[in-house]
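Undergrad: Structure in structure tokens, see below.
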Amino acid sequence: MEIQKEIKIGIYPGSFDPVTFGHLDIIERSAQVFDKLIVGVLINSAKKPLFSAEERVRMIQSLTSHLPNVEVNSFDGLLVDFAKQEKAKVIVRGLRAVTDFEYELQMAQTNRTMCPGLDTIFLTTDLRYAYLSSSIVREVASYNGKIDRFVSPEIVSLVKERCGRIRNKEEKKE
Ligand code: ADP
Numbered sequence: 003m004e005i006q007k008e009i010k011i012g013i014y015p016g017s018f019d020p021v022t023f024g025h026l027d028i029i030e031r032s033a034q035v036f037d038k039l040i041v042g043v044l045i046n047s048a049k050k051p052l053f054s055a056e057e058r059v060r061m062i063q064s065l066t067s068h069l070p071n072v073e074v075n076s077f078d079g080l081l082v083d084f085a086k087q088e089k090a091k092v093i094v095r096g097l098r099a100v101t102d103f104e105y106e107l108q109m110a111q112t113n114r115t116m117c118p119g120l121d122t123i124f125l126t127t128d129l130r131y132a133y134l135s136s137s138i139v140r141e142v143a144s145y146n147g148k149i150d151r152f153v154s155p156e157i158v159s160l161v162k163e164r165c166g167r168i169r170n171k172e173e174k175k176e
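Okay, so the sequence shown: first residue is 3 according to this note's numbering, each after it adds one.
Below is the structure:
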């Protein structure tokens, strides 16, 4: 009799606005831990992101096309519901510094209380990216600073183009 092995599915949720080298490092490393890794792009309409959820999904898809077990989807609402829908039992989050820890611990405990079968694992950042966040990238780009140490070349041009357009709009308003 053939025994069917349950495949291990992990979810890596985030805003990824835009996806940075820090995120890509966590994706590469967690793709080795799970049979399938789902990157969950939070739609989060309250936050007014730089890129739409579809754009963020496409960017991550293009940068992870060499990883056959990585899938990228967007979601809205509770992460626990998305995890259930995707049949994932483990959430992956990245930790950069102790400042991340308090919020992440609270979220992990809340999610486990709402959905007892759902665990969260943390991967510590690669030291090269310990300082890096999407908001830093947006901030530097908004003042026309160089962002090629933070994000992939194809993201550099997309961020520059988007920030340039926003700057032009604001200048016209003045
Ligand atoms: P969120 O708004 O959910 O925090 P982010 O896109 O900012 O979304 O981050 C998604 C996840 O990636 C979080 O777990 C965050 O801690 C992690 N992360 C962000 N930047 C880095 C980095 N430079 N190194 C490692 N993990 C990171």
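Glycine is no exception: its CB is placed at the ideal position from the N, C-alpha and C atoms.
Using the rule of at least 16 other Cβ atoms within 10 Å of the residue's Cβ for burial, across every protein chain shown, is Ile149 buried or exposed?
TA: buried
Undergrad: Quick check on the DSSP output: the beta strand (DSSP E) that includes Tyr14 runs from which residue to which?
TA: Its beta strand (DSSP E) spans residues 11–16.
Undergrad: Excluding sequence positions up to five away, which residues of its chain have a Cβ less than 8 Å from the Cβ of Arg114?
TA: Leu120, Asp121, Thr122
Undergrad: Does Asp37 get closer than 8 Å to chain B when you measure Cβ to Cβ?
TA: No chain B is present in this structure, which holds just one protein chain.
Undergrad: At the level of alpha carbons, what is the spacing between Phe170 and Ser144?
TA: A small correction: the amino acid at residue 170 is Asn; Phe does not occupy that position in the sequence shown. Rounded to the nearest angstrom, the two C-alpha atoms are 11 Å apart.
Undergrad: Going by CA-CA distance only, name the one from Glu57, Tyr131, Phe124, Ser32 that's closest to Ile157.
TA: Measuring from the Cα of Ile157, the nearest candidate turns out to be Glu57.
Undergrad: Could you tell me whether the Cβ atoms of Val74 and Val94 are closer together than 8 Å?
TA: Contact flag unset, no.
Undergrad: With which residues is Arg95 paired in a DSSP beta bridge?
TA: Phe124
Undergrad: Applying the criterion that 16 or more other CB atoms from any shown protein chain within 10 Å of the CB defines a buried residue, is Met61 buried or exposed?
TA: buried
Undergrad: Please classify Pro118: is it buried, with 16 or more other beta-carbons within 10 angstroms of its beta-carbon, or exposed?
TA: exposed
Undergrad: What are the boundary residues of the alpha helix (DSSP H) that includes Glu56?
TA: 55–65
Undergrad: On the premise that Asp37 lies in contact with Ile5, defined as a C-beta separation below 8 Å, what is that separation, rounded to the nearest angstrom?
TA: Contact doesn't hold; Cβ gap of about 16 Å is too wide.
Undergrad: Spatial neighbours of Pro15 within its chain, please: C-beta separation below 7 Å, excluding the five flanking residues on both sides.
TA: Gly42, Leu44, Leu81, Ile93
Undergrad: Would you tell me roughly how many angstroms separate the C-alpha atoms of Lys175 and Ile168, rounded to the nearest one?
TA: 11 Å
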